[in-house]
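Have a look at the structure below, then the notes.
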Amino acid sequence: MPSLKDLRNRIASVKATQKITKAMQMVAAAKLRRAQLAAEEARPYAERMDVVMANLATALAGQDGAPPLMVGTGKDDVHLLVACTSERGLCGGFNTSIVRMVRAKARALLADGKQVKILCVGKKGFDQLNREFASLIIDQVDLREVKRIGFSNAQGIGARVLELFDESEFDVCTLFFARFQTVMTQVPTALQLIPAAPSGDDEENAMSGSNAAYEYEPEESEILVDLLPRNVSVQIFRALLENAASEQGARMSAMDSATRNAGEMIDALTMEYNRSRQAQITKELIEIISGAEAL
Amino acid sequence: MAEPFQFELVSPEKLLMSEDVEMVVVPGSEGDFAILKGHAPVMSTLKPGVVEIQINDKEQQRIFVRGGFAEAGPDSLTILAEKAIPMEDLDADILAQEIQNAEEDVNDAKSDEVRAKAQEQLDQLEQLQASL
Numbered sequence: 028m029p030s031l032k033d034l035r036n037r038i039a040s041v042k043a044t045q046k047i048t049k050a051m052q053m054v055a056a057a058k059l060r061r062a063q064l065a066a067e068e069a070r071p072y073a074e075r076m077d078v079v080m081a082n083l084a085t086a087l088a089g090q091d092g093a094p095p096l097m098v099g100t101g102k103d104d105v106h107l108l109v110a111c112t113s114e115r116g117l118c119g120g121f122n123t124s125i126v127r128m129v130r131a132k133a134r135a136l137l138a139d140g141k142q143v144k145i146l147c148v149g150k151k152g153f154d155q156l157n158r159e160f161a162s163l164i165i166d167q168v169d170l171r172e173v174k175r176i177g178f179s180n181a182q183g184i185g186a187r188v189l190e191l192f193d194e195s196e197f198d199v200c201t202l203f204f205a206r207f208q209t210v211m212t213q214v215p216t217a218l219q220l221i222p223a224a225p226s227g228d229d230e231e232n233a234m235s236g237s238n239a240a241y242e243y244e245p246e247e248s249e250i251l252v253d254l255l256p257r258n259v260s261v262q263i264f265r266a267l268l269e270n271a272a273s274e275q276g277a278r279m280s281a282m283d284s285a286t287r288n289a290g291e292m293i294d295a296l297t298m299e300y301n302r303s304r305q306a307q308i309t310k311e312l313i314e315i316i317s318g319a320e321a322l
Numbered sequence: 451m452a453e454p455f456q457f458e459l460v461s462p463e464k465l466l467m468s469e470d471v472e473m474v475v476v477p478g479s480e481g482d483f484a485i486l487k488g489h490a491p492v493m494s495t496l497k498p499g500v501v502e503i504q505i506n507d508k509e510q511q512r513i514f515v516r517g518g519f520a521e522a523g524p525d526s527l528t529i530l531a532e533k534a535i536p537m538e539d540l541d542a543d544i545l546a547q548e549i550q551n552a553e554e555d556v557n558d559a560k561s562d563e564v565r566a567k568a569q570e571q572l573d574q575l576e577q578l579q580a581s582l
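Right, dumping it as structure tokens:
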């Protein structure tokens, strides 16, 4: 049975923890709003990019000499997995769910006899993946110092990926991140980056099909060569923004439940504290009364 | 007085401009061209340069763009730029930084093709600096 002082100390410590989690929840809520806004502002560009890419792809379909970024190297022996995770912990299952997906994919590929390389964006994913796949991780991108994710961050990662591709270090590149659905739910997603998977459904492509009359300056193929590397950066940028919003959402709900749990714990401890205080008073009274009776 | 059409300027980070304008001069990679309402559909890549936007008779806006492409239709023009800075905010420092980046690109280039492209960009930037 813990003494009254022990109980008092525990209550104080849980209260302090609750204050921290509560503050973290509020900070995450504010950051979430900003991250969501950033993700929304980036949407028009990515959407236009998709449409143009689809147009060019249909215009060039069936032609020879399409760039390898589009059609791949013709092999799929070496896979590059780009795992985007957060830099900080205390965000519930956010990192774990992304890492789980990467791990499952890596295992499946290895079982098929393929070669796997992993590029980690964010420290947390690196820490978790390092345990099992230390030999497969080729690099880690640190975004710790970055307060607000800018396009240049994505460009940096994109350039790194393209460099590896040019050196024929891999054949297929897949990007892993958490798609932001609601504050409560983030969906870990795998997106094939290289070769560029045709995005959008057919209906959408058909709608923009009137572009057959477009005049291209310079040639379609040249535009495509210029566009494909840019598309890689745009996709990475989009993933990073989605990830940032997801991370804050996950942290917000994790900290919300932590605050609630702390509240429940405080209630239970206070109850126990009051009971034992009462018991002690009763005990003292009995001692006094029985002492008086014995006289 | 030209008829207005829909113009949008988008960078990866945000939608910079979306309004009805009369004329836009676009720095295409194969030469500048002006877009008015009713232009034939064109898609062109951009060179680093200045987009001149004639909003109406009185108002005009100039925006520096780098990398990207323009997509014009009969009644709309969309410019997707990797970087877009209004001319008022563009100063020698930013341009000098851009030029430095371009120089690094030239030095880092692995193949002649890439180098030629980077060199081209650098030249265009230097031209722009000289004209400021």
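These protein sequences, in sequence, are chains A and B. Per the numbering used here, residue 28 is the first one in the first sequence, and the count goes up by one each step. Per the numbering used here, residue 451 is the first one in the second sequence, and the count goes up by one each step. Positions of the beta carbon are idealized from the N, C-alpha and C atoms, including for glycine. Small disclaimer: the values here were computed from a predicted structure and weren't measured.
field: chain A contact residues for F519(B), given Cβ-Cβ distances below 8 Å
entry: For F519(B), the residues of chain A that pass the 8 Å Cβ criterion are V79, I250, D253, L254, in the order they occur in the chain.
- prompt: Excluding five sequence neighbours on each side, which residues of the same chain lie with their C-beta closer than 7 Å to the C-beta of M128(A)?
  reply: These residues qualify, in order along the chain: F203, P215, A217.
message: Beta-carbon within less than 8 Å of V168(A)'s beta-carbon, same chain only, minus the 5 sequence neighbours each way: which residues are those?
response: Same-chain partners within the cutoff: L146, C147, V148, G149, G183, I184, R187.
Close Cβ partners of A319(A) (< 7 Å) along its chain, the five nearest in sequence each way excluded: Cβ within range, chain order: n/a, list empty.
message: Excluding the 5 residues flanking P256(A) on each side, which residues of the same chain have their C-beta closer than 6 Å to its C-beta?
response: If we look at P256(A) and ignore the five residues flanking it on each side, its Cβ neighbours are L189.
Pair within 8 Å by beta-carbon distance, L156(A) and V126(A): Yes; because the gap between Cβ atoms is below 8 Å, this pair is in contact.
message: Starting from A321(A), trace the alpha helix (DSSP H) in both directions and tell me its first and last residue.
response: Boundaries of the alpha helix (DSSP H) harbouring A321(A): 247-321, taken from the DSSP string.
- prompt: How is K144(A) classed by DSSP in three states: helix, strand or coil?
  reply: The answer is strand: DSSP assigns K144(A) an E or B state.
- prompt: Cα-Cα, which of F178(A), E246(A), E194(A), F121(A) is closest to T112(A)?
  reply: Among F178(A), E246(A), E194(A), F121(A), the Cα nearest to that of T112(A) belongs to F121(A).
- request: Name, please, each residue of chain B whose Cβ falls closer than 8 Å to the Cβ of V261(A).
  value: Within 8 Å Cβ-Cβ: P462.
task: Output yes if chain A places a C-beta closer than 8 Å to the C-beta of P498(B); else output no.
output: Not closer than 8 Å to any Cβ of chain A, the Cβ of P498(B) fails to qualify, so no.
Beta carbon of V475(B) nearer than 8 Å to that of V501(B): The beta carbons of V475(B) and V501(B) sit closer together than 8 Å.
- prompt: Using 8 Å as the Cβ pair cut-off and three pairs as the minimum, do the region 56-70 of chain A and the region 264-272 of chain A touch?
  reply: Touching, yes, given that three or more Cβ pairs across the two stretches are closer than 8 Å.
- prompt: Is S260(A) near A181(A), with beta carbons less than 8 Å apart?
  reply: The answer is yes: Cβ separation under 8 Å.
field: First and last residue of the uninterrupted beta strand (DSSP E) at T44(A)
entry: From DSSP, T44(A) is part of no beta strand (DSSP E) but of the alpha helix (DSSP H) over 31-87.
Within-8 Å CB hit, V492(B) to chain D: Here the protein chains are A and B, and chain D is not one of them.
field: Opening and closing residue of the beta strand (DSSP E) in which D543(B) lies
entry: Per DSSP, D543(B) belongs to no beta strand (DSSP E); it is in the alpha helix (DSSP H), 542-558.
query: Can you tell which of L572(B), E532(B), P524(B) has the C-alpha that lies nearest to the C-alpha of G488(B)?
result: Taking only the C-alpha atoms, the option nearest G488(B) is P524(B).
message: Using a 10 Å radius around the Cβ and a threshold of 16 neighbouring Cβ atoms, would you call M76(A) buried or exposed?
response: When all chains shown are included, M76(A) counts as buried.
- prompt: Interface residues of chain A around S479(B) at Cβ under 8 Å?
  reply: Those are E244, P245, listed as they occur along chain A.
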